[in-house]
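As structure tokens, the structure follows; a few thoughts come after it.
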Amino acid sequence: MTDEGTTIIDPDGEVIIVLADANAPFAVLDKKVRSGSSTEGPEKSELATQESDANQDEGRKCYRIQVSAKHLALASPVFKKTLHGGWKESLTFLEKGCVEITVHSWDLEAFLILMYLVHCRYRNLPDEINIELLAKLAILVDFYDCKDVAVFIKKKLAICMENLPATNPRDVMMSIWISWVFEMSQQFTESTSLMMSVSMGQIKNLGLPIPSKILGGLF
1 MTDEGTTIID
11 PDGEVIIVLA
21 DANAPFAVLD
31 KKVRSGSSTE
41 GPEKSELATQ
51 ESDANQDEGR
61 KCYRIQVSAK
71 HLALASPVFK
81 KTLHGGWKES
91 LTFLEKGCVE
101 ITVHSWDLEA
111 FLILMYLVHC
121 RYRNLPDEIN
131 IELLAKLAIL
141 VDFYDCKDVA
151 VFIKKKLAIC
161 MENLPATNPR
171 DVMMSIWISW
181 VFEMSQQFTE
191 STSLMMSVSM
201 GQIKNLGLPI
211 PSKILGGLF
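Residues in the sequence shown are numbered consecutively from 1, following full-length UniProt numbering.
Laid out in structure tokens, this is it:
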């Protein structure tokens, strides 16, 4: 695994997040079976640690990101528990005042966007975000339970969603996921309606942790 160096978001940050096995395959649509599959999503732990084929693992890269423990704990109860909840990392943090936290498989660009949001570094956000990147960001926001940070970009999200060319089942499913996570009721209604017109029966949820009750009513 190749170490790609450190991205410094907070130069005084006490936490180094090690993103291992970065950029795992995301929302893969089975070409052989596009309908008739279960709508039940995987557990969060499964989604966070998904691995690619053995021949892809060799090319995986490791990224390090220096961040603030205080900002992480304020923005995410998951990170707060990691830093202050009696885990191995929290004991190290208490003893040394700094710690490394290893996470797996997340998309690097989406993870950096989340960290910029958490640290109020809005000028570092990209001007444009495509539907797949939005879906990856939604995964992180949901997993780390930090939806409050999305308040600052909700208007931007709405504009992006309006301009998304969601014309195939994969894009529409990601639109459903994005609008559900960020509580965008109008976009959610439009996306679910569109899904009923572009899909042929049931469709795979692409591994997105969309509650089965949400998709169950569509088909």
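C-beta: ideal position from N, C-alpha, C; glycine also.
- For Val-78, the enclosing alpha helix (DSSP H) begins and ends at 77-84.
- Residues of the same chain with a CB within less than 7 Å of the CB of Phe-111, apart from the 5 flanking positions on each side, are Leu-19, Leu-140 in chain order.
- Within the DSSP bridge table, the entry for Glu-100 names Ile-16 as partners.
- Nearest in C-alpha terms to Trp-106, of all of Leu-91, Glu-89, Glu-132, Leu-94, is Glu-132.
- Around the beta-carbon of Phe-93, 16 or more other beta-carbon atoms lie within 10 Å, marking it buried.
- Boundaries of the alpha helix (DSSP H) harbouring Lys-213: 212-216, taken from the DSSP string.
- Val-99 is positioned such that its CB atom lies no closer than 9 Å to that of Ala-73.
- In the displayed model, Val-149 falls within a helix according to three-state DSSP.
- Its Cα nearest to that of Ser-199, the residue Asp-171 stands out among Ile-129, Glu-109, Cys-62, Asp-171.
- In the three-state scheme derived from DSSP, where H, G and I count as helix and E and B as strand, Tyr-63 is classed as strand.
- Beta-bridge partners assigned by DSSP to Ile-159: none are found.
- Counting C-beta atoms within 10 angstroms of its own C-beta, Glu-162 has fewer than 16 neighbours from the protein chains shown and is therefore classed as exposed.
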